[in-house]
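J.: These protein sequence lines map, in sequence, to chains Y and B.
Read the first sequence against the working numbering and you will find it ends at 978, with the numbers running on by one and no gaps.
Read the second sequence against the working numbering and you will find it ends at 1428, with the numbers running on by one and no gaps.
The beta-carbon is built from N, C-alpha and C at its ideal position, and this holds for glycine as well.
If you're wondering where the values come from, they're calculated on a predicted model, not measured in any experiment.
Provided herewith is a single structure, encoded as structure tokens, for subsequent inquiry.
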Amino acid sequence: MVSGNGQPPKLVTVIIDGAEYQAEEGRNMLDVALALGFDLPFFCWHPVLGSIGACRQCAVRLYWTDREGREKSEIAMACMTEAQEGTRMDIFDEEAIRFRAEMIELMMLSHPHDCPVCDEGGECHLQDMTVMTGHSYRRYRGRKRTFENQDLGPFVTHELNRCITCYRCTRFYNDYAGGRDFGVFGLRNQVYFGRAESGTLESEFSGNLIEVCPTGVFDDKPFSRRYSRKWDLQTSPSVCPDCGLGCTTTLSARYGELRRVQGRFNRDVNKMFLCDRGRFGFEFVNAPERVRTARIGPGLLPPQTMMGPAIEEPAGAEAAQAEPQPIADAPTEEGARLQAEAHAAAAPEGQGGQAAGTAALLGELALDAAAGLLRGRRAVGIGSPRASLEANYALRALVGPSRFFRGMSDTDDRLVGAVLEIAADPRLRLGSAADVHGADAVLVLGEDLTNTAPMLDLTIRTWLHLRPNEVEERNHIRRWNDAGITRIKRREPSALWIATTHATKLDEVAAETQRAAPDDLVRLALALAHEVDAEAPAVPGLGDDEAELVRRWAAALTAGSAPLVVAGCSSGSAELLRASAQLAAALHRAARGESVTEERATLVLTVPEPDSVGLRMLGGGTLVQALAAVARGESEVVVVLDDDLDRRAPALLVDDLLRREVPVVALAALEDRLTATAAVVLPAATFAEETGTWVSHEGRAQRYFAALPPADGVRPSWRWLRELLVRLGRREARGWTTPDDVLAALEMELPAFRGAGAAAPAASWRRDGRKVARQPLRWSGRTAVDAGRTVFEPGPAPDADSALAFSLEGLQPPASPDELRVRTWWPGWNSGNGLHKFGEELTAVGPARPSGVRLLDGAAGHELPPVPAPARFAARDGEAVLVALHHIYGSEQLSMYTPGIRERAPAPFIGLNEEDAERLAVRDGDLLELWLPWMDTRAPFALVPSLVTGTAAVPVGLPGLPYISLPARARLTRAEEQ
Amino acid sequence: MTSRPGLPGYPADDRPLTRAMRADGLPATIDDYIAAGGYEGLRRALEGLRPPEVTTMVTESGLRGRGGAGYSTGRKWSTMPLGADAPHPKYIVCNGDEMEPGSFKDRFLLERNPHLLLEGMLLAGFATESDEGYIFLRQQYDTAVVAIEHAIAEARERGYLGKDVLGSGFPFDIELHVSIGRYICGEASAMLNALESQRANPRARPPHMTGAGLFSRPTVVNNVETYMAVPGIVRHGPDWWKGLSVTDEGGTKIFGVAGRVARPGCVELPMGVPMRELIEVHAGGMLSGFALRAVSPGGASTSFVPAAQIDVPLGFSTMDEVKSRLGTGTLVLLDDQTCPVGMTLNMMQFFAQESCGWCTPCREGLQWMAALLEDIEYGRGEPGDTGVLAEGVWFMDSDKCFCDLAPGAMQPLESALRLFPDDFARHVAEGGCRYRRHGSDAPALRGTTW
């Protein structure tokens, strides 16, 4: 652990069981012993939550010398003992051994012993510790205490009889995540952890209870419905697809389904926790809406082979299509027959065996058709911010850089572009979520983090909890001493300031908050910049209140030496991003003087999607430009990479694209409006079925690995594109046999990506000639999983894309490198609590191995020019400035396939504050109509009291609300009843 | 047995704790108190002493905490940070959560002599340059609540409490906090958590409370009786205090006797008075037909002292000789017609009920021990049970638990197993308790039901 003042840790000599070891001074001796490889049992200690000394499980014999020089010893808890020079303890002391077994006996007095039906079984820390201490026979013959369990909602189960009262759940949920609807009730042996009454847990981080609970009290509810023991799960390291933070995860699969997602330790981003959207939002992988087999649209088949009525010729033929040309290489009649047969064969079984072969054949046919469409024609390619870097690059190679367009909304495109400009400013360094821990003050500008980048919310709460504190330092309370810091922090003034367009959940832990219209947020940022650095331009026309607020906040931000600005793309205002950057640069200069050499993050910027930054870095044009190119007839075929255009472009433009009958080749994982009409549909793998790379919001390239092989006709997008390239005679693609080859080509062509290939070991990586096994040694599916379909034992699915194997043969976690660790498992440590076995630096701050590769560092750009201050916002009659309202459940499309997330998403609405509602005379239940030059939409009115008068809130991404490009001013009226 | 003058033969005929009390049993008013020399100590401190000098006087007097642990009061105060760099506010907290079974000394003092507490806390506040005092009182002490509220109002009116105490420039006020109260709140850090409206779990040390106590500010926590000893020490000096006791521990103390004696109650006596004198003289001796078998000397969390050893002087150090502790100094007597197993069971049920649920040995172990004792008492005992009880004594030892609740609970159990082995054996062999009719009042349910 890095001490509070940033000094490198001092090493001391400690003595464990008579042998001397080096340890960092001030760490607790449990942490030290575990890091040294000792098996010392524990429950209440947690690598991030720290020590409280309650469970008494890590008892050791501690020796010391008293004032008279006599040697003394007693039983002590290693977790509450600080490592100092000469600290001496025995783990294998006879009394300590006996005591540790006794503690298990006590915890098991009322335990239901229901391991066979408990989801935790096989990865239960309580089981592991019971075996480790040797306790086996329960002498208590009294009545067991029992509890009534609660329904905690769609994500988390509750079976409190299994509780061993380690207090981890409340420490996480209440102290760290700031939850208020959960807690501890009762006392003695009746301590109850739960809610005041049954009901869905309100915290966006409730799923972490599953992982912090050392036994089966809190388990994964969706997983329990199609449960497998841990030893039957095929796992892989992955990255969360649900926002741009790049939290690392572990995926578990069985029977061709993705079964669960867990947090994977990552010092640079999410440490070990996840938000509930990231943990539970993966159901789209298993959704019935998945595109499973390749299809060729009816328009590509000769009319006589059609089963239904032939499609009418376009009535008003437009210039480019006046004379529809015969399509070269279109499937022959024979091809059409084959396709029909293949469909018939594939449909009933849907998976495996012969059907898979047919699906593959269909894929070949579809590739032929797509290649035929592309050959000799001008094509545009639309990339995707949720597809892999490899796929986007392959698409760019297919259509050429000048015809490659980014499938992002114009709002996102503009803002992510601003993020890249900011990243190139030599004064600034973009940070990750974890970089918040290095700050001494945080200012959030325009972001509702809980809903746009949820783990940043949790990280800020954790940082407020863990940051160095004067009371702690004066009283020598170490950061691991949770019992000490928790109650001190409850009384601490916050070091967080938030200025947003509307109230956010994080406000509750802020020192001060400010509500303002987007333009006024820009003004606030610029005024703060001027206040801390006189060289930054002043903002004219500040009111007295504003000036006072600016002085107060500027003083607070410059009180320490490491202020951090958090902003992002969700506000829709690129000016706010640039103004935030101007402020961050000013703060950094004020804190450090002229020379900025230090490697400290100054700015954290959120982006909406897992590869928003990677896609933007590829260059090319915008989505609207692509659609315009098609509309102008400059393109004869469109290739769309896994993307739902309706969410990213005005409906008008998408309608236009679909009307034009320009053939579309869709690489899609899920059915949507586009796949319904596309000429060729190629089933694309989701993140769970492919190995690829994403570049997160801070420019960190991270590799994710398939947890299950793509079934049916599904293939990774880059492979489809590679096949097209090969069919089109593009030589360079022949050499692309793994993602590493694609990345190598990318790095060669675009130097900005240099190093991306090193984000993880290459597919060719082997140790002792072996790959890493995705299946545990005890995996029982080898002969059983496919027995329902075939009596033959299928061989393991091949995986050319990574150094992982879909097999139980290969390297198991203790022997695999960290970047390829498929699960946390070690002999004797079956649960996730064995992280220390991998030598991870587990304390909440401090060094460990980096995750992936940061690409944007050292980008030689120029200093951004000063941002001109906008005029002060003034409400206009009959017109409102639209502000985006993001929802953790609802604004992200893929996670909405998860029932528990869908049911928690709000219904569409348009929000106004009381004053505006009064002016428009709308009440609850009324409909509002929103008018923009190119569209209008209506939705029920909802009161959002925190909005500034003259602004209206529109939720982002909710089904039923069209895409609206921001910033925008809209006319609002009360809609007449339908 | 109420307060009575010191008896001849004691070093000094003075009763500083009860001197101001009224004969009619009502709380001493501020005038009663001042008439008995009250607030003289405070005046002396405000007029002529520097804060550290007050602490030095308390240290030199040898005053030890009257809550039961017996830690040096002056030494505790001296660890409070003083001077311009010290964090503020600093707090003085009085622990009035008297819940030790058999103890009622604080109630007696609070109901009858509330101003003595206020003066003691004022002096502690002066000595440690503190800003505010809190009296933490359990809800059941409703008579004391009224007395203290009235006393605080009187003191404020006369200028003894407030922004400028007696015009000296020393600001200090006292708030009364009436809590639901739990036994664990007798543990000072758990009481501070309760005062902060957190769960009443004990805190880990470090930090010590004088470094980061109430609201994470430097805090002194003492028992009611401890604060009440301070005004006399400051008024008359440490030597006067030392001269009051029989042994060298200094001062007087409220001792109590409960059980089958002629006059149960409490009395102020010099420290070091022999236990026998307390029982036989002040409490009037055993009722006829009852013989003393053992004494639980200072609340339930002290070891039984066998009747043969009651010549021991009642003092913090002297009680070591009989393998027990002074504790609160309020004796509960075990007579020859009461079952020692039953008495131990009663105590264990209390402790099991009062465990805060924080650490494993206490939370699970006490209820297991209570269940086992209940089995033995009601005829369901098995031959190995006393071995398990002895194991409980081992795993609830003080180095193994988070706070002293369970180790305290083990003191009667350990001493009962040591002093009354035959009773345990007979219960198991005879299938129940010979002191009660078999089965007549056995609970319907096996196991713990509270």
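1) Using a Cβ-Cβ cutoff of less than 7 Å, which residues in the same chain neighbour Ala33 of chain Y once the five nearest sequence positions on both sides are dropped?
2) Inspect the CB distances between the stretch 856-875 of chain Y and the stretch 257-269 of chain Y and report whether three or more fall short of 8 Å.
3) If contacts are defined as beta-carbon pairs under 8 Å, then Ala917 of chain Y and Leu943 of chain Y qualify, I think. What distance do you get, rounded to the angstrom?
4) Is the CB-CB distance between Pro716 of chain Y and Ser228 of chain Y below 9 Å?
5) At what residues does the beta strand (DSSP E) containing Asp268 of chain Y begin and finish?
6) Does any C-beta atom of chain Y lie closer than 9 Å to the C-beta of Ser1194 of chain B?
7) Taking the CB atoms as reference points, tell me whether Ala1240 of chain B and Leu1265 of chain B lie closer together than 9 Å.
8) Are the C-beta of Trp1346 of chain B and some C-beta of chain Y separated by less than 9 Å?
9) Tyr1205 of chain B and Met1099 of chain B look like a contact to me (Cβ under 8 Å); what is the Cβ gap, rounded to whole Å?
10) Listed in chain order, which residues of the stretch 1320-1353 of chain B have Cβ atoms closer than 7 Å to some Cβ of chain Y?
11) Are the CB atoms of Glu94 of chain Y and Arg478 of chain Y within a distance shorter than 9 Å?
12) With a threshold of 9 Å between beta carbons, is Glu508 of chain Y in contact with chain B?
13) Report the neighbours of Arg1181 of chain B on chain Y: residues whose CB is nearer than 9 Å to its CB, in chain order.
14) Which residues mark the beginning and the end of the beta strand (DSSP E) in which Asp1313 of chain B is found?
15) Measuring alpha carbon to alpha carbon, tell me which residue in B:Gly1343, B:Trp1219 and B:Thr1306 is nearest Phe1329 of chain B.
16) Take Glu204 of chain Y as the anchor and find which of Y:Leu187, Y:Val604, Y:Ala968 and Y:Ile888 has the nearest alpha-carbon.
17) So Met89 of chain Y is in the beta strand (DSSP E); what residue range does that whole segment cover?
18) With distances taken between CB atoms, is the gap from Glu211 of chain Y to Gly263 of chain Y smaller than 9 Å?
19) Pull up the CB-CB distance for Pro1291 of chain B and Val1251 of chain B, whole angstroms please, since I reckon it's below 8 Å.
20) Are the CB atoms of Thr558 of chain Y and Val532 of chain Y nearer to each other than 9 Å?
21) My assumption, with CB atoms under 8 Å, is that Pro1390 of chain B sits in contact with Ser1281 of chain B. Please give the rounded CB distance.
22) Is the shortest distance between the beta-carbon of Leu966 of chain Y and the beta-carbons of chain B less than 9 Å?
23) Just the C-alpha distance for Leu615 of chain Y and Gly383 of chain Y, rounded to the nearest angstrom, thanks.
24) Could you tell me which residues DSSP pairs with Ser402 of chain Y in its beta bridges?
25) Please confirm if Phe1380 of chain B has its CB atom under 9 Å from at least one CB of chain Y.
26) What residues are listed by DSSP as bridge partners for Tyr21 of chain Y?
27) Taking DSSP as the reference, what is the three-state secondary structure of Glu1089 of chain B?
28) Cβ of Gly142 of chain Y less than 9 Å from any chain B Cβ?
29) Where do the N-terminal and C-terminal ends of the beta strand (DSSP E) with Arg703 of chain Y fall, by residue?
30) Can at least three beta-carbon pairs, one atom from the stretch 503-510 of chain Y and one from the stretch 545-556 of chain Y, be found at a separation below 8 Å?
31) What are the partner residues of His530 of chain Y, as DSSP defines its beta bridges?
32) Taking a contact to mean a Cβ-Cβ separation below 9 Å, would you say Pro899 of chain Y touches Glu283 of chain Y in this structure?
33) Could you compute how far the alpha carbon of Pro222 of chain Y sits from the alpha carbon of Thr235 of chain Y?
34) Report the rounded CA-to-CA distance for Arg997 of chain Y versus Leu160 of chain Y, giving the unit in angstroms.
35) Can Leu458 of chain Y and Val639 of chain Y be called in contact, C-beta distance under 9 Å?
36) Report the start-end ranges of each beta strand (DSSP E) in the stretch 572-644 of chain Y that is 3 residues or longer and not cut off at the edges.
T.: Let me lay it out:
1) Stepping through the first sequence from its first residue, residue 33 of chain Y is reached at position 33. Correct list, in chain order: Ile16, Leu40, Ala78 and Ile91.
2) no
3) Counting from 1 along the first sequence, the entry for residue 917 of chain Y is found at position 917. Counting from 1 along the first sequence, the entry for residue 943 of chain Y is found at position 943. Indeed they touch by this definition, with Cβ atoms about 6 Å apart.
4) Counting from one through the first sequence, the residue named residue 716 of chain Y turns up at place 716. Counting from one through the first sequence, the residue named residue 228 of chain Y turns up at place 228. Going by C-beta atoms, Pro716 of chain Y is not nearer than 9 Å to Ser228 of chain Y.
5) Your numbering for residue 268 of chain Y matches position 268 in the first sequence. That residue, Asp268 of chain Y, is in no beta strand (DSSP E); it is neither H nor E in DSSP.
6) By one-based count along the second sequence, residue 1194 of chain B stands at place 216. Yes, Ser1194 of chain B counts as interfacial toward chain Y.
7) Taking the first residue of the second sequence as position 1, residue 1240 of chain B is located at position 262. Taking the first residue of the second sequence as position 1, residue 1265 of chain B is located at position 287. The answer is yes: Cβ separation under 9 Å.
8) The residue you call residue 1346 of chain B lines up with position 368 of the second sequence. Chain Y, which has a Cβ nearer than 9 Å to the Cβ of Trp1346 of chain B, makes this yes.
9) Taking the second sequence and counting its residues from 1, one reaches residue 1205 of chain B at position 227. Taking the second sequence and counting its residues from 1, one reaches residue 1099 of chain B at position 121. Contact holds; Cβ gap of about 5 Å.
10) Ala1330, Gln1331, Ser1333, Cys1334, Gly1335, Trp1336, Cys1337, Thr1338, Pro1339, Arg1341, Glu1342, Gly1343, Gln1345, Trp1346 and Ala1349
11) Mapped onto the first sequence, residue 478 of chain Y falls at position 478. Mapped onto the first sequence, residue 94 of chain Y falls at position 94. It is not a contact, given that the beta carbons lie outside the stated cut-off.
12) The residue you call residue 508 of chain Y lines up with position 508 of the first sequence. So no, Glu508 of chain Y is outside the interface.
13) As a first step, residue 1181 of chain B must be located in the second sequence, where it is residue number 203. Those within 9 Å of Arg1181 of chain B in chain Y are Ala483, Gly484 and Arg487.
14) Numbered from 1 along the second sequence, position 335 holds the residue referred to as residue 1313 of chain B. Start and end: Thr1308 to Asp1313.
15) If you number the second sequence from 1, residue 1329 of chain B lands on position 351. Nearest option by C-alpha distance: B:Gly1343.
16) Here residue 204 of chain Y refers to the residue found at position 204 when the first sequence is read from its first residue. Of the candidates Y:Leu187, Y:Val604, Y:Ala968 and Y:Ile888, the one whose C-alpha sits nearest the C-alpha of Glu204 of chain Y is Y:Ile888.
17) Here residue 89 of chain Y refers to the residue found at position 89 of the first sequence. Note, Met89 of chain Y: beta strand (DSSP E), Arg88 to Asp90.
18) Residue 211 of chain Y sits at position 211 when you count from the first residue of the first sequence. Residue 263 of chain Y sits at position 263 when you count from the first residue of the first sequence. Yes; because the gap between Cβ atoms is below 9 Å, this pair is in contact.
19) Sequence index remark: in the second sequence, residue 1291 of chain B carries index 313 (1-based). Sequence index remark: in the second sequence, residue 1251 of chain B carries index 273 (1-based). Correct: roughly 7 Å between the Cβ atoms.
20) Taking the first residue of the first sequence as 1, we reach residue 558 of chain Y at position 558. Taking the first residue of the first sequence as 1, we reach residue 532 of chain Y at position 532. Yes.
21) As a first step, residue 1390 of chain B must be located in the second sequence, where it is residue number 412. As a first step, residue 1281 of chain B must be located in the second sequence, where it is residue number 303. Indeed, because the Cβ distance is near 7 Å, the residues count as touching under 8 Å.
22) The residue labelled residue 966 of chain Y in the question sits at position 966 within the first sequence. By this cut-off, Leu966 of chain Y is not an interface position.
23) Start at 1 with the first residue of the first sequence, and residue 615 of chain Y comes out as number 615. Start at 1 with the first residue of the first sequence, and residue 383 of chain Y comes out as number 383. Approximately 7 Å between the Cα atoms of the pair.
24) Residue 402 of chain Y sits at position 402 when you count from the first residue of the first sequence. BP columns for Ser402 of chain Y are empty, so no partner.
25) For this step, residue 1380 of chain B is matched to residue 402 along the second sequence. Yes, Phe1380 of chain B lies at the interface with chain Y (some Cβ there is under 9 Å from its Cβ).
26) The sequence position of residue 21 of chain Y within the first sequence is 21, counting from 1. In DSSP, Tyr21 of chain Y forms a bridge with Y:Val14.
27) Start at 1 with the first residue of the second sequence, and residue 1089 of chain B comes out as number 111. Three-state result, Glu1089 of chain B: helix.
28) Locating residue 142 of chain Y in the first sequence gives position 142, where the first residue counts as 1. By this cut-off, Gly142 of chain Y is an interface position.
29) The sequence position of residue 703 of chain Y within the first sequence is 703, counting from 1. Residues Arg700 to Tyr704.
30) no
31) Working through the first sequence from its first residue, we reach residue 530 of chain Y at position 530. His530 of chain Y is not bridged to any residue.
32) For the purposes of this step, residue 899 of chain Y is taken as the residue at position 899 of the first sequence. For the purposes of this step, residue 283 of chain Y is taken as the residue at position 283 of the first sequence. Closer than 9 Å, so yes.
33) Along the first sequence, read from residue 1 onward, the residue named residue 222 of chain Y stands at position 222. Along the first sequence, read from residue 1 onward, the residue named residue 235 of chain Y stands at position 235. If you take the alpha carbons of Pro222 of chain Y and Thr235 of chain Y, they lie about 17 Å apart.
34) Residue 997 of chain Y lies beyond the range of chain Y shown here (1 to 978); nothing can be said about it.
35) Taking the first residue of the first sequence as 1, we reach residue 458 of chain Y at position 458. Taking the first residue of the first sequence as 1, we reach residue 639 of chain Y at position 639. No; because the gap between Cβ atoms is not below 9 Å, this pair is not in contact.
36) 603-606 and 637-641
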